[in-house]
Amino acid sequence: MPARLFPPTFLWGAATAAHQTEGNNVGSDWWAREVAPGSPLAEPSGDADDGFHRYPQDIALLAGSGLTTYRFSIEWARIEPAEGMISRAALAHYARMIDCCHAHGVTPLVTLHHFSSPLWFEASGGWRDPRSTERFVRYVEAVLPILRPHVQHVITINEPNILAMLATFAKGDEQLAADALPAPDAEVSDALTAAHRAVTGLIRAAGLQVGWSVAPQQLWADPGAEDVLREYAYPRETRFLEAAREDDFVAVQAYSRTRITLDGPVQPPEGTELTLTGWEYYPPAIAEAVQLAWDLTGRPVLVSENGIATADDARRIDYTRDALLALHAVIEAGVPVLGYLHWSLLDNYEWGSYAPTFGLVAVDRSTFERTPRPSLAYLGGVARANGL
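In terms of our numbering, the sequence shown opens at residue 9 and continues consecutively.
In structure tokens:
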């Protein structure tokens, strides 16, 4: 089989999110949900991976494998623990993370909002409050000095389409199922889009490239159900991709696919291989998401997340290899793809439970010991060769 090489500037890396790895994010809305009496979540995040203190080890593991890009998020609740109160210590912490990346020859790629918000923000109306955009702008203005000139790419909001879907729930803490995604809250969808657009100019003026990351569900229609698919897709993903047309890039995150019938989405048929999250095992999903994003936006595409929840690391390697083969075919067909970031570098808190293990690195919940899996060496080897 001939070698399949990727573009010479291709970004190879892995991703994490602050709330899912740092631990004890006590000022966030998600922490409040987790510890509330009668919470429907299976378990709280607690110490998570203690990533707030152990990030140097994590960055060193990533760099040692051969990966060269680390996507992580800055936690708004730590930067602004009370409205208008900016923590210089928290800013210094994330500045040290950026410096640590560079010390290891790793490119930092920063997300400004990854699902969790300050509790004060949520308590005062969250994204439904008319002041949400100006509040987000104030936070971004506080963070920008630590980003320039040390960061090249910034993602404003992670999965705004999923964030808006969560907002349709009464409490916002129910779990989403791929075959039954609710319609996103229209008011929140509009507010997220407004906030994104309000900060893109600020970020670009600082010399950084900016976009946001959308999670297409890779919808595919039964014959005759194409109109159902389009109607189902527009509020859940299409409008969010279209909103990226003026950005420097658009990021996508995909793991599986969802079948659409005349009656709407359905579960995979019995006997289908499923992951620990109950999603269909379907490696081409990310390549299809990249193609969709390119078709709708005409912007360069970044794979900001892709991976599999499994206890079988050999299957993780299978999934990653086949996802990259499909991605390479899309690149060969002419789609400009900036890079591939695996989800996740670490096993982490998956918004309610530690049971789904996505990590290239296993984490002992009691000791926080990191154990690299063979999949980390596999992906690092692909990165060193810049090809398959």
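Using N, Cα and C, we set each Cβ at its ideal position, and we do this for glycine too.
Straight-line gap, residue 343 to residue 331 (C-alpha atoms, nearest Å): For the purposes of this step, residue 343 is identified with residue 335 of the sequence shown, where counting begins at 1. For the purposes of this step, residue 331 is identified with residue 323 of the sequence shown, where counting begins at 1. One Cα belongs to residue 343, the other to residue 331, and the distance between them is close to 15 Å.
Same chain, Cβ closer than 8 Å to residue 16, five either side skipped, listed in chain order: If you number the sequence shown from 1, residue 16 lands on position 8. Answer for residue 16: 394, listed in chain order.
Rounded separation between residue 108 and residue 64 - CA only: Here residue 108 corresponds to residue number 100 of the sequence shown, with the count starting at 1. Here residue 64 corresponds to residue number 56 of the sequence shown, with the count starting at 1. Near 7 Å, if we compare the C-alpha coordinates of residue 64 and residue 108.
Counted within 10 angstroms of its Cβ, other Cβ atoms place residue 110 as buried (16 or more) or exposed: As a working mapping, residue 110 is identified with position 102 in the sequence shown. By the neighbour-count criterion, in which a residue is buried when 16 or more other Cβ atoms sit within 10 angstroms of its Cβ, residue 110 is exposed.
Contact under 9 Å by Cβ, residue 91 with residue 129: Here the question's residue 91 lines up with position 83 in the sequence shown. Here the question's residue 129 lines up with position 121 in the sequence shown. Yes, these two residues count as a Cβ contact at 9 Å.
Exposure of residue 369, with buried meaning 16 or more beta-carbon neighbours within 10 Å: Stepping through the sequence shown from its first residue, residue 369 is reached at position 361. With 16 or more other Cβ atoms inside 10 Å of its own Cβ, residue 369 counts as buried.
Run of the beta strand (DSSP E) containing residue 217, from where it starts to where it stops: What you label residue 217 is simply residue 209 of the sequence shown in a count that begins at 1. Residues 217-222.
Nearest-angstrom Cα separation, counted from residue 282 out to residue 136: Numbered from its first residue, the sequence shown carries residue 136 at position 128. Numbered from its first residue, the sequence shown carries residue 282 at position 274. Cα to Cα, residue 136 sits roughly 36 Å from residue 282.
Collapsed DSSP secondary structure at residue 226 in the structure displayed: Within the sequence shown, numbered from 1, the residue matching residue 226 stands at position 218. DSSP, reduced to helix, strand and coil, places residue 226 outside both helices and strands of the structure shown, so it counts as coil.
Residue 253 - DSSP class collapsed to helix/strand/coil: Here the question's residue 253 lines up with position 245 in the sequence shown. Residue state for residue 253 is assigned as coil, using DSSP reduced to three classes.
Beta-carbon gap between residue 76 and residue 115 smaller than 9 Å: In the sequence shown, the residue the question calls residue 76 occupies position 68. In the sequence shown, the residue the question calls residue 115 occupies position 107. Residue 115 is positioned such that its CB atom lies closer than 9 Å to that of residue 76.
Beta-carbon spacing of residue 345, residue 390 below 9 Å: The sequence position of residue 345 within the sequence shown is 337, counting from 1. The sequence position of residue 390 within the sequence shown is 382, counting from 1. Cβ distance not < 9 Å, so residue 345 and residue 390 don't count as in contact.
Pair within 9 Å by beta-carbon distance, residue 30 and residue 68: Reading the sequence shown from its first residue, position 22 is the one you call residue 30. Reading the sequence shown from its first residue, position 60 is the one you call residue 68. Pairing residue 30 with residue 68 gives a Cβ-Cβ distance that is not under 9 Å.
Whole-angstrom distance between residue 380 and residue 50, CA atom to CA atom: Within the sequence shown, the letter at position 42 stands for residue 50. Within the sequence shown, the letter at position 372 stands for residue 380. Distance between residue 50 and residue 380, taken at the CA atoms: about 26 Å.
Through-space distance from residue 269 to residue 215, alpha-carbon basis: The sequence position of residue 215 within the sequence shown is 207, counting from 1. The sequence position of residue 269 within the sequence shown is 261, counting from 1. So the two alpha carbons sit approximately 45 Å from each other.
Close beta carbons around residue 241, own chain, < 6 Å, minus the five adjacent residues each side: Mapped onto the sequence shown, residue 241 falls at position 233. Here the set comprises 227.
Cβ neighbour criterion (16 or more within 10 Å) applied to residue 328: In the sequence shown, the residue the question calls residue 328 occupies position 320. Buried is the call here.
Beta carbon of residue 95 nearer than 9 Å to that of residue 122: Mapped onto the sequence shown, residue 95 falls at position 87. Mapped onto the sequence shown, residue 122 falls at position 114. Residue 95 places its beta carbon 9 Å or farther from that of residue 122.
C-alpha gap between residue 376 and residue 58, whole angstroms: Stepping through the sequence shown from its first residue, residue 376 is reached at position 368. Stepping through the sequence shown from its first residue, residue 58 is reached at position 50. Between the alpha carbons of residue 376 and residue 58 lies a gap of roughly 7 Å.
Residue 386 versus residue 229: straight-line alpha-carbon distance, rounded: As a working mapping, residue 386 is identified with position 378 in the sequence shown. As a working mapping, residue 229 is identified with position 221 in the sequence shown. Taken atom to atom, the span from the alpha-carbon of residue 386 to that of residue 229 is near 34 Å.
Segment contact flag, the region 273-287 with the region 245-253, C-beta cutoff 8 Å, min 3 pairs: In short, these stretches do not touch, since the Cβ pair count stays below three.
Three-way DSSP call (helix, strand, coil) for residue 392 in this model: Taking the first residue of the sequence shown as 1, we reach residue 392 at position 384. Three-state result, residue 392: helix.
Near the ligand GTP: residue 358 beta-carbon under 8 Å from a heavy atom: The ligand GTP is not part of the structure shown, which contains no ligands of any sort.
Contained beta strand (DSSP E) runs [length at least 3] in the region 140-165, N- to C-terminal order: Whole beta strand (DSSP E) segments, 3+ residues: zero.
Collapsed DSSP secondary structure at residue 110 in the structure displayed: Within the sequence shown, the letter at position 102 stands for residue 110. Helix.
Length of the line joining the Cα atoms of residue 223 and residue 373: Mapped onto the sequence shown, residue 223 falls at position 215. Mapped onto the sequence shown, residue 373 falls at position 365. Each residue's alpha carbon lies about 28 Å from the other.
Delimiting residues of the alpha helix (DSSP H) encompassing residue 200: The sequence position of residue 200 within the sequence shown is 192, counting from 1. 194-213 is the span of the alpha helix (DSSP H), which, as asked, contains residue 200.
Cβ neighbour criterion (16 or more within 10 Å) applied to residue 86: Counting from one through the sequence shown, the residue named residue 86 turns up at place 78. So residue 86 ends up on the buried side.
Classification of residue 179 by the beta-carbon crowding that lies within 10 angstroms, buried from 16 upward: Here residue 179 is taken as the residue at index 171 of the sequence shown, counted from 1. Residue confidence for residue 179 is low, a pLDDT of 41 falling below 50, so the modelled location carries little weight and cannot support an answer.
Option nearest residue 294 by Cα separation, candidates 305, 315, 275, 304: As a working mapping, residue 294 is identified with position 286 in the sequence shown. With distances taken between Cα atoms, residue 294 lies closest to 315.
Selected residue, minimal CA-CA separation from residue 349, among 14, 24, 13: Counting from one through the sequence shown, the residue named residue 349 turns up at place 341. Residue 24 holds the alpha-carbon nearest to the alpha-carbon of residue 349 among 14, 24, 13.
Identity of the residue in 211, 100, 124 nearest residue 170 by Cα: The residue given as residue 170 occupies position 162 in the sequence shown. Residue 170 has its Cα closest to that of 124, out of 211, 100, 124.
Range covered by the alpha helix (DSSP H) that runs through residue 171: Within the sequence shown, numbered from 1, the residue matching residue 171 stands at position 163. 168-174 is the span of the alpha helix (DSSP H), which, as asked, contains residue 171.
For residue 288, the three-state DSSP class (helix, strand or coil): For this step, residue 288 is matched to residue 280 along the sequence shown. Strand, per DSSP.
Spatial distance of residue 6 from residue 71 (CA atoms): The question about residue 6 has no answer, for the chain in this structure spans 9 to 396.
Beta-carbon spacing of residue 139, residue 336 below 9 Å: As a working note, residue 139 is residue 131 in the sequence shown. As a working note, residue 336 is residue 328 in the sequence shown. Against a cut-off of 9 Å, the Cβ pair of residue 336 and residue 139 comes out as no contact.
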